[in-house]
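First up is the structure itself, then whatever we jot down about it.
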Amino acid sequence: MSSEKNKLRKAVFPVAGYGTRFLPVTKASPKEMLPIVDKPLIQYAVEEAVEAGIEVLIFVNNKSKRAIEDYFDDARELSDHLARKNRPALLEKITGIVPAGVSCVNLRQTEANGLGDAVLCAEAVVHDEPFAVLLADDLVRSDGAGCLKQMTDAWQNGGGTMLALEEVAAQAVSRYGVIGGARGGDGLWRVEQLVEKPPPAEAPSRMAVIGRYILQPGIFDHLRNTRPGVGGELQLTDAIARQIGSQPVRGLNYEGRRYDCGSKLGYLRANVEYALEHPDIAGEFRDYLKNLKLP
Ligand code: UTP
3 MSSEKNKLRK AVFPVAGYGT RFLPVTKASP KEMLPIVDKP LIQYAVEEAV EAGIEVLIFV
63 NNKSKRAIED YFDDARELSD HLARKNRPAL LEKITGIVPA GVSCVNLRQT EANGLGDAVL
123 CAEAVVHDEP FAVLLADDLV RSDGAGCLKQ MTDAWQNGGG TMLALEEVAA QAVSRYGVIG
183 GARGGDGLWR VEQLVEKPPP AEAPSRMAVI GRYILQPGIF DHLRNTRPGV GGELQLTDAI
243 ARQIGSQPVR GLNYEGRRYD CGSKLGYLRA NVEYALEHPD IAGEFRDYLK NLKLP
């Protein structure tokens, strides 16, 4: 790969879904702003992207999602207030949200026509370079390098498209894009087939695609030429499936633990497990759980 084509600088965060599984709270507030203890989901995804070397954060919002735009914007009044009150630790919490050298672009998806449509909205900003897509409601906790960093490291050698994969239970495959293919000597999967939300009997494997992707700009043409799929929505996986055979499509069985924070149970699990490690409350929260009498 030439040097400008193997550097991953831009990441797209589609945050324009309706989040219906979290109604009523998502009526006026985006799902991606739901907190895990004290930080919104979207910030965890942004931190993971920045760790992987991303310099441009591209948010695809819908019209009622000003909250995300505001969250990553300067909060001058609040910072002045905290500075006046001499609260440097709190001030640091809000000034470091977007690190130096990283910029934000806010775009709008006019209607929630699917993840593929949301990614297509970012074409003019991504332009002609590879890019990452992160779905913030898939929260991934890793002991070492974050999920996107693991993917980027694997992707540097060989390029193409890189998917993050996880083995799921047979009865869960119908909630995911599922790959068919074989694992190479380097541990990466060579993706030969990709099916969105297959019934368990038709799934090519139990290796499911989670909400992290490294894509080539050619995906935009495929998205334009893909018809709406499952649920009448433009599916990103259908467009990726069209690339198989014409460029490498590989998958990494990432190391880490994923919380499906688009579901109530996954969200609550994440909150409990992150709280048990949070420096402000870990001890007291552990005691509380130990003494909790379950009905
Ligand atoms: P989901 O499939 O979780 O859909 O989207 P959703 O609408 O947000 O939530 P439910 O299923 O109604 O509860 C996965 C990701 O893709 C984004 C969402 O914001 C989420 O981050 N998305 C989805 C868009 O940006 N636009 C869309 O049209 C659809």
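Using this note's numbering, the first residue of the sequence shown is number 3, and each one after it goes up by one.
Here a beta-carbon is modelled for each residue, glycine too, at the ideal position from N, C-alpha and C.
(1) Can you find a heavy atom of ligand 1 that lies under 7 Å from the Cβ of Val17?
(2) Which residues in the same chain as Ala69 place their Cβ atom closer than 8 Å to its Cβ, once the five residues preceding and following it in sequence are excluded?
(3) Measure the C-alpha to C-alpha separation of Ala243 and Tyr290 and round it to an integer number of angstroms.
(4) Taking 7 Å as the limit between beta carbons, can you name the residues of its chain near Leu225, skipping five residues before and five after?
(5) Along the chain, which unbroken stretches of the alpha helix (DSSP H) at least 4 residues long are found entirely within the segment 122-208?
(6) Give me whichever residues DSSP pairs with Ser105 in a beta bridge.
(7) Count the C-beta pairs between the segment 128-141 and the segment 10-21 that are closer than 8 Å, then say yes if the count reaches three, no if not.
(8) How many Å lie between Leu43 and Tyr269 at the Cα?
(9) To which residues of the same chain is Ala156 closer than 7 Å at the C-beta, ignoring the five residues directly before and after it?
(10) In angstroms with no decimal places, state the Cα-to-Cα distance between Lys41 and Gly247.
(11) Pull up the distance between the alpha-carbon of Leu80 and that of Gly103, whole angstroms please.
(12) Just checking Leu117 against ligand 1 - is the residue's beta carbon closer than 7 Å to any of the ligand's heavy atoms?
(13) Go through its chain and collect everything with a Cβ distance to Gln195's Cβ below 8 Å, but skip five positions before and after it.
(14) Return yes when at least one heavy atom of ligand 1 lies under 7 Å from the C-beta of Gln2, else no.
(15) Report the CB separation of Gln173 from Pro202 in whole angstroms; it is logged as a contact under 8 Å.
According to the structure data:
(1) yes
(2) Ser31, Pro32 and Met35
(3) 48 Å
(4) Gly118, Val121, Leu122, Leu236 and Ala241
(5) 125-128 and 149-158
(6) Val58
(7) yes
(8) 10 Å
(9) Met164, Leu190 and Leu254
(10) 41 Å
(11) 22 Å
(12) yes
(13) Ile181, Gly182, Gly183, Pro206, Ala243 and Ile246
(14) Nothing about residue 2 can be reported from this structure: the residues present for the chain run from 3 to 297 only.
(15) 6 Å
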